[in-house]
Amino acid sequence: MKKSIIYTGGGDKGTTALVGGFRVPKTHPRLEAYGTIDELNSHIGLLMAETDDPETLDTLRFVQHKLFTVGSYLATDPTKTDFRIESRVTPEAIQRIESAIDRIDGQLPRLNAFVLPGGNRASAQAHVCRTVCRRAERCIYRLTETGAEVEEPVLIFMNRLSDLLFVIGRNECVRRGDDEIIWDSKEGV
42 MKKSIIYTGG
52 GDKGTTALVG
62 GFRVPKTHPR
72 LEAYGTIDEL
82 NSHIGLLMAE
92 TDDPETLDTL
102 RFVQHKLFTV
112 GSYLATDPTK
122 TDFRIESRVT
132 PEAIQRIESA
142 IDRIDGQLPR
152 LNAFVLPGGN
162 RASAQAHVCR
172 TVCRRAERCI
182 YRLTETGAEV
192 EEPVLIFMNR
202 LSDLLFVIGR
212 NECVRRGDDE
222 IIWDSKEGV
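Just remember that the numbering used here sits 41 ahead of the position in the sequence shown, which is counted from 1.
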């Protein structure tokens, strides 16, 4: 049986290869962007292990596949290689996220205050995913500030995804009968 090659030693000096072979420092904004997408995808996997809602699981599996493709897209610098990876974030993908947000939000009580992360493990994990998603979005925008072009649907998808993760967090409390933790502005003063 042939063994997979897990380590190469190529990154031992603080650089890594992008898709196409071009090497960049491990601190490069492109690496921060796709590395944070990878981190988000891992956190979503943990959220999936915590929920038993079939519609949420189906939506999150769709999201995981999209995020993996977005990560690959971001790991490719088209100015350094002829190799191209499409983001495959289409208007239909964004619409699917928006429809899921609308469906879930329509089942939730009206929100009149800020919600703190918690209530149960799945809800808390959804909020971790939401905040990592926001960080990934900031990393992608930081990458664009270096002159890199990022397809607009990727930016829209990431923005909608954090909204989706917020309503999933709320839904995980409500559907299980757990209380959402409402922020009290007087507490902690």
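For glycine and all other residues, C-beta sits at the position ideal for the given N, C-alpha and C.
In chain order, R183, L184, T187 place their CB closer than 6 Å to the CB of P70, counting only its own chain and leaving out the 5 sequence neighbours on each side. The criterion of a C-beta distance shorter than 8 Å is not satisfied by D225 and G160. D53 has its alpha-carbon roughly 29 Å from the corresponding atom of V191.
Rounded to the nearest whole angstrom, the CA to CA distance from S203 to I85 is 12 Å. When the alpha-carbon of G51 is set against those of V208, T92, P66, the nearest one is in P66. Linking T172 to F63 through their CA atoms gives a straight-line distance of about 30 Å.
Exposed is the label assigned to A154, since fewer than 16 other Cβ atoms lie within 10 Å of its Cβ. The beta-bridge partner set that DSSP reports for R64 consists of A58.
Just measuring C-alpha positions, the residue of T56, P194, G55, I222 sitting nearest E127 is P194.
Annotation: L88 to D99 spans about 12 Å, alpha carbon to alpha carbon.
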